[in-house]
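Top to bottom, those sequences are chains Y and A. Using our numbering, the final residue of the first sequence is 360, and nothing's skipped along the way. Using our numbering, the final residue of the second sequence is 720, and nothing's skipped along the way. Quick notes on the structure that follows.
Number of protein chains: 2
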Amino acid sequence: MNRYGKRADLIVHEQQPFNAETRVAALAEGALTATSAFYVRGHGAVPEIDPASWRLRVHGLVERELDLSLATLREAFREREVTATLQCAGNRRAGLMAVRDIPGEAPWGPGATGTATWTGITLADVLTLAGPLEDGAHVGFVGADTCPEATPDQPFGGSIPVEKACRPEVLLVWGMNGEPLQPVHGAPVRVVVPGYIGARSVKWLERIEVRSSPWDGYFQHVVYRLLPEDATAGPGAGMPLGLVALNADVLSPADGETVAAGPVEVRGYAFAGGERHVARVDVSLDGGAHWSQAELLDDLGRWAWRHWRITVDLAPGEHEILVRAWDSSAATQPEDEAALWNPKGYVNNARPRVRIRAVA
Amino acid sequence: MNRYGKRADLIVHEQQPFNAETRVAALAEGALTATSAFYVRGHGAVPEIDPASWRLRVHGLVERELDLSLATLREAFREREVTATLQCAGNRRAGLMAVRDIPGEAPWGPGATGTATWTGITLADVLTLAGPLEDGAHVGFVGADTCPEATPDQPFGGSIPVEKACRPEVLLVWGMNGEPLQPVHGAPVRVVVPGYIGARSVKWLERIEVRSSPWDGYFQHVVYRLLPEDATAGPGAGMPLGLVALNADVLSPADGETVAAGPVEVRGYAFAGGERHVARVDVSLDGGAHWSQAELLDDLGRWAWRHWRITVDLAPGEHEILVRAWDSSAATQPEDEAALWNPKGYVNNARPRVRIRAVA
C-alpha cells in the first residue's frame, strides 16, 4: 500500500498536493473502481478533520441558516446511495501535451476517472431544511483544504446550478464503496455531483452557500475553464466547465503492447456525462473506414460509465485500434486531438487510438 | 403565399405529405423564424379537425382516464409560453447524401429547423390530473394523421420519458408566434418537446398514453433510429433518437456565393439540444489550424438555438469557412461528415463548411 491507503501501482503525478491516477489495468478490473486504486486530484494538503467536532454551515440566500453536526446529518436525513463516475477535467491531458506542452499541469492519462458507489444524504434534503430563497440560483461548496495555487491561498470551492443541486443524485457523502470515506477522498463529508467534472464534487466540505451567481473563487472563476487555444487564463476568461463531455478510452490492450495474433479482446470505458447515457461504442481497425459495434457491459445506472468489449481478429503486424462512443443524443466524439488543444489542457475527448503489434 | 400559408421561397421536398424546409436566407432574418417560413415535416395528409368537437384522451397507466375538450384545456389550466427550436432528425441530410445516396429520404438541407414561441399548457398539468401510476415510465403521443409509410397505415406517434414529460418546458400547444396554431403545424393541439427531435413534438394530438415502455409504433420503433452504417432498418434496430445532438450551420454567405473582398459578415445558427446550451462558436478560414470566436446573438432562453456572427477579412480568391460549435459540457462537433453516414441519414452534425469566392 502506498500513502493514503493507495495501491503501489497508482501513477503519482505529484506528492504534495497528492495527485495520482489509476492505471488502465486497474480500471479494467471492473466497472466499479476499487477505492485503493481510485484516482486522487488534490489542490492542497489533505486536512485533518475530527468528525466529532466537524460542522457543516449552510448560509447565503436561505430562509434559515444551518450549522449541523455529522451526527445530525446521519440521524435527521435518510441515507441514500448512488453509483457515479467521477472524472477530472484534465483526464487524458497527456494526449494534448503530446501535441504541444502545457507547462505546470499534470500529464494525466486516461486514469483520472473512476466509478464508485457513494453513500450519504441528498443535498436536496439539506437545502429543503434551509429553504433557498427565490434568487438563490447557485449552490456553492467550500472545502477545508488550503490551496497554495491561489494567491492568497484559499480553500477549494465551486458551485452548481440550484436546479441540479436539488436533484436526487447529488449527495453529501460519507461512504465510498461500502466503507467509510477516506481522508484523501474528502472525509468526513464530501459532495458528489454525478455528471459534472470532479472539481464540483468538493472534498472536506465545510460550508454550503446559496448564491445568486456562480462561484467566484479562483478554481471556478479562473482555473477550470476551457480557453480558446490562443487565449490566456484570467478571471472569467473562457467557458466554465461543468457537465462532463462524452469521452472514452481503451483499457486493454495498452498502447504499444505486443499481443498474439488471432482473436484479441479489446476493452475500454465510455462515459456520456451530464444526463446522457452511452448508446453505442464503435471500434475500427482501418482508421475509421469500417466500424464494428462493441458490447456494452454492466449497466450501473445513469450516472456511471459503461465498460465495453469487442473481440477483433488481428493478423500479424502493426495495428491501430480506433474507438468512438455515441451518447443518447446520437452525438459522437471529435476526431482530431490536436484541434482540441487548449492552454489548460482540459476536456480531451478525442476518439482514442492505441497502436499494437500482433505476432504469430 | 404557398399552400398552407407558406411563403413561396420554401424549398418543397414533397407535396403529399407536405415536406418543406426554410431557406437559409429566411432563417437568417432573425432568431425567431416566421411561421410563414417555418419548416414542415409531415408523414401524412394534414387532417381536417373541427376544434369544437376535438377531444384529447389520456389513458394507460393512470389513476384516472381523461377525455377533455379544447375549451376545458383552455379554462382548466394556466396558459404558458416557451420559445423553442424544433429540428428534424434529418436536418442537413443532404450532406450525407453527397457522400452516398440515401434512396427514399428527402434531401434536407440546413433548413429543417426553426425557432418559434409556442403557447399552450404544460403536459405536466394534464398528467397531474390523470395521475401517472408508478410503472408509467413513458408518455406516448398519437396524432390524427394517417401515415401510408407504415404498413398497414397508422397515425404518427412517439413517446418521451415521464421525467421529461413532467418538466415545465413540455407543452400542449395551440399558439405559434402569437397566432393560432395553423393546421399544417398541428392544429388544434400539438405537443412541443424542447430539446428533442421534432418527431416527438407530435402534431394533431388526439391521444396521450402513459406506458411502461417506449412507444412501439412504426415511427419510433423502426424509423427514427440511428443505424450503424452497414445495418438495415427493422423493429428495434439501431439507437432510438430523442435528444437533439449539438449542431450548427452557416446561414450567410451561402455555399458557392461570390462576395466582395474585404470585411465579410458570416452568420449562422448553433443548437445544443437536450438540456445544454451553446457555449462558444469558432470559425476558421484555414481548415481548422486557427479559430476565431463568433459573437453569440439574442439569447431566447435555454430551449432555443443561438444565432451567431463574425466579421472576417477576405482577400480576393477562394475561401472555405469552417465552423464548430461547443456546448456547455465543452463538447464540440465531429469533423468528418462522411464518417457520420448512416442508412436513414439522420443526425448530420458535422462541422459545416461553406466555400465562397471573394472578388476585388
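Each residue gets a CB set at the ideal place from its N, CA and C atoms; glycine is no exception.
One alpha carbon belongs to residue 83 of chain Y, the other to residue 491 of chain A, and they sit about 30 Å apart. Excluding residues up to 5 positions away in sequence, 466 lie with their Cβ nearer than 7 Å to the Cβ of residue 374 of chain A in the same chain. Assignment of residue 403 of chain A by DSSP, reduced to helix, strand and coil, places it in the coil class.
When secondary structure is reduced to three states using DSSP, residue 558 of chain A falls in the helix class. CA-CA distance, residue 352 of chain Y to residue 471 of chain A, rounds to 33 Å. Taking a beta-carbon distance threshold of 7 Å, residue 690 of chain A counts as an interface residue toward chain Y. Taking C-alpha positions only, residue 77 of chain Y is separated from residue 646 of chain A by approximately 57 Å.
The beta strand (DSSP E) runs of length 3 or more contained entirely in the region 49-135 of chain Y are, from start to end of the chain, 55-60, 66-69, 80-87 and 113-122.
In this structure, the straight-line span from the alpha carbon of residue 159 of chain Y to that of residue 427 of chain A is close to 45 Å.
A residue is called buried once 16 or more other Cβ atoms fall within 10 Å of its Cβ, and residue 439 of chain A, having fewer, is exposed.
Residues of chain Y whose Cβ lies closer than 9 Å to the Cβ of residue 459 of chain A do not exist; the shortest such Cβ separation is about 13 Å. With contacts defined as CB atoms closer than 7 Å, residue 117 of chain Y and residue 81 of chain Y qualify as a contacting pair. A distance below 6 Å between beta-carbons, with the five flanking residues on each side excluded, links residue 505 of chain A to the following residues of its chain, in chain order: 404, 407, 515, 516 and 564. Contact fails between the region 329-339 of chain Y and the region 298-318 of chain Y, because fewer than three Cβ pairs, one in each stretch, are under 8 Å apart. Using a Cβ-Cβ cut-off of 7 Å, residue 239 of chain Y counts as an interface residue toward chain A, since at least one Cβ of chain A sits closer than that to its own. Under the 10 Å beta carbon count, residue 464 of chain A is surrounded by fewer than 16 other beta carbons and is classified as exposed.
Per the C-alpha coordinates, the member of A:414, A:718 and A:700 positioned closest to residue 616 of chain A is A:718.
DSSP places residue 24 of chain Y inside the alpha helix (DSSP H), whose first and last residues are 24-27. In this structure, DSSP gives residue 396 of chain A a helical state, which the three-state scheme calls helix. Excluding sequence positions up to five before and after residue 372 of chain A, its CB lies within less than 6 Å of the CB of 380, all in the same chain and listed in chain order. A distance below 7 Å separates the beta carbons of residue 430 of chain A and residue 548 of chain A.
In terms of Cα proximity to residue 611 of chain A, the closest of A:410, A:474 and A:459 is A:474.
The way I'd put it, the region 294-302 of chain Y does touch the region 263-283 of chain Y; three or more beta-carbon pairs between them come closer than 8 Å.
Between residue 23 of chain Y and residue 88 of chain Y, the CB-CB gap reaches or exceeds 7 Å.
When the beta-carbon positions are compared, residue 245 of chain Y and residue 691 of chain A come within less than 7 Å of each other. In the DSSP assignment, residue 331 of chain Y falls outside any beta strand (DSSP E), carrying neither H nor E. Sixteen is the threshold: since fewer than 16 other Cβ atoms of the shown chains lie within 10 Å of the Cβ of residue 290 of chain Y, the residue is exposed.
The Cβ-Cβ distance between residue 640 of chain A and residue 239 of chain Y falls below 7 Å.
Bounds of the beta strand (DSSP E) holding residue 279 of chain Y are 278-284. Note on geometry: alpha-carbon atoms of residue 341 of chain Y and residue 673 of chain A lie some 25 Å from one another.
Straight-line measurement puts the Cα of residue 601 of chain A at about 28 Å from the Cα of residue 385 of chain A. Assignment of residue 18 of chain Y by DSSP, reduced to helix, strand and coil, places it in the coil class. Under DSSP, residue 653 of chain A forms a beta bridge with A:642. Secondary structure note for residue 525 of chain A: it is in no beta strand (DSSP E), and the uninterrupted alpha helix (DSSP H) holding it is 522-525. Along the region 567-601 of chain A, going in chain order, the ones with a CB nearer than 8 Å to a CB of chain Y are 586, 588, 589, 590, 599 and 601. Beta-bridge pairing by DSSP links residue 302 of chain Y to no other residue.
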